[in-house]
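Trainee: Please find one structure pasted underneath; my questions will follow.
Numbering (the working numbering), first residue to last: 373 to 644.
Dropping the structure here:
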């Protein structure tokens with residue numbers, strides 16, 4: 373059954389889900405998300421990622437589309453993600469077909485081995501990111517049969533939205549501002565890699581809408597906001613060149629790459 377789902381997703385753009393409108397909202401996981409009434413998103417195509425499910429206890433809203441691509445987060449939270457795949461049959465869940473895990477063995481791991489294929493699960497091919505490369509190595513468009521590996525999962529969600537027909541994307545909760553608590557334990561200290569895993573010994577994550585997000589025992593890794601912002605800038609340029617509008621409709625934060633609009637305006641536009 374899983375191979376059938378993977379085959380359908382990889383056939384091409386004609387097999388992508390089709391949005392019933394051209395304006396969508398991409399939901400980030402920053403602290404500012406707490407300032408949004410997510411119930412306002414009812415009926416609006418919305419995309420979310422990673423541990424967004426921690427906010428479900430506070431809202432009736434559920435995303436129509438979900439993704440997780442992080443090589444640390446996806447294996448670490450596979451049970452929680454699988455739980456919500458079963459609980460949300462009307463949400464489509466998107467994952468890379470393969471990931472290279474953080475141990476840097478160089479051997480790809482098939483995600484299907486720990487995220488069981490189900491009717492609402494899709495797996496996609498990936499393309500390596502090259503911020504100095506051509507469009508197809510920076511941000512995939514509807515003509516491309518892959519997703520470019522991102523510096524932040526928000527850019528994965530943006531690529532999915534574009535593939536499904538979005539012409540106008542509003543971002544919320546994308547603060548792009550990170551702090552590593554002094555009590556954090558940094559793993560991989562003996563490695564030369566810049567991207568090191570981090571774990572906290574209590575629920576005090578200051579970087580997301582819920583202190584439990586990367587709280588006690590949850591693995592994450594050193595954020596690189598410089599490269600995140602560079603990828604956002606490149607993605608914005610590609611979107612503009614292809615007639616796709618992108619706005620930041622969030623509150624505060626450090627993401628100034630995109631023009632700012634109000635959340636109320638974004639909701640009004642998305643409702644048509």
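Every residue gets a Cβ at the ideal spot worked out from N, C-alpha and C, and that includes glycine.
1) Going by DSSP in three states, residue 433 sits in which element: helix, strand or coil?
2) Alpha carbon to alpha carbon, how far is residue 573 from residue 588? Give it in angstroms, no decimals.
3) Alpha carbon to alpha carbon, what distance is there between residue 586 and residue 629?
4) Select from 402, 633, 504, 441 the residue whose C-alpha is nearest the C-alpha of residue 609.
5) Apart from the five residues just before and just after residue 539, which ones in its own chain have a Cβ nearer than 8 Å to its Cβ?
6) Leaving aside the five residues before and after residue 524 along the sequence, list all residues of the same chain whose C-beta is less than 6 Å from its C-beta, in chain order.
7) With a 10 Å radius around its C-beta and 16 neighbouring C-beta atoms as the bar for buried, classify residue 637 as buried or exposed.
8) With DSSP collapsed to three states, give me the class of residue 621.
9) Cα-Cα, which of 515, 627, 459, 602 is closest to residue 537?
10) For residue 584, name the three-state secondary structure that DSSP assigns.
11) Could you tell me if residue 404 is buried or exposed, where buried requires 16 or more neighbouring beta carbons within 10 angstroms of its beta carbon?
Mentor: In short, the structure shows the following:
1) Counting from 1 along the chain shown, the entry for residue 433 is found at position 61. In the three-state reduction of the DSSP assignment, residue 433 falls in the coil class.
2) To locate residue 588, count along the chain shown from 1; it is residue 216. To locate residue 573, count along the chain shown from 1; it is residue 201. Within the model, the alpha-carbon separation for residue 588 versus residue 573 is close to 5 Å.
3) Within the chain shown, residue 629 is the residue found at index 257, counting from 1. Within the chain shown, residue 586 is the residue found at index 214, counting from 1. Rounded to the nearest whole angstrom, the C-alpha separation of residue 629 and residue 586 is 26 Å.
4) As a working mapping, residue 609 is identified with position 237 in the chain shown. Of all alpha-carbon atoms in 402, 633, 504, 441, the one lying nearest the alpha-carbon of residue 609 is that of 504.
5) Position 167 of the chain shown, counted from the start, is the residue given in the question as residue 539. The beta carbon of residue 539 sits closer than 8 Å to those of 394, 395, 615, 616, 617, all from its chain and outside the five residues before and after it, given in chain order.
6) Indexing the chain shown from 1 puts residue 524 at position 152. Close CB contacts of residue 524 within its chain, under the 6 Å cut and outside five residues either way in sequence, are with 600 (chain order).
7) Looking up residue 637 in the chain shown gives position 265. Burial is judged here by how many other beta carbons sit within 10 angstroms of a residue's own beta carbon; residue 637 has fewer than 16 and is exposed.
8) On the chain shown, position 249 is the one that residue 621 refers to. In the structure shown, residue 621 sits in coil (DSSP, three-state: anything other than H, G, I, E or B).
9) Working through the chain shown from its first residue, we reach residue 537 at position 165. Closest in alpha carbon position to residue 537, among 515, 627, 459, 602, is 515.
10) Here residue 584 refers to the residue found at position 212 when the chain shown is read from its first residue. Look at residue 584 here: in three-state DSSP terms it is coil, with no helix or strand label.
11) Walking along the chain shown from the start, residue 404 turns up at place 32. Residue 404 is buried by the Cβ-count criterion.
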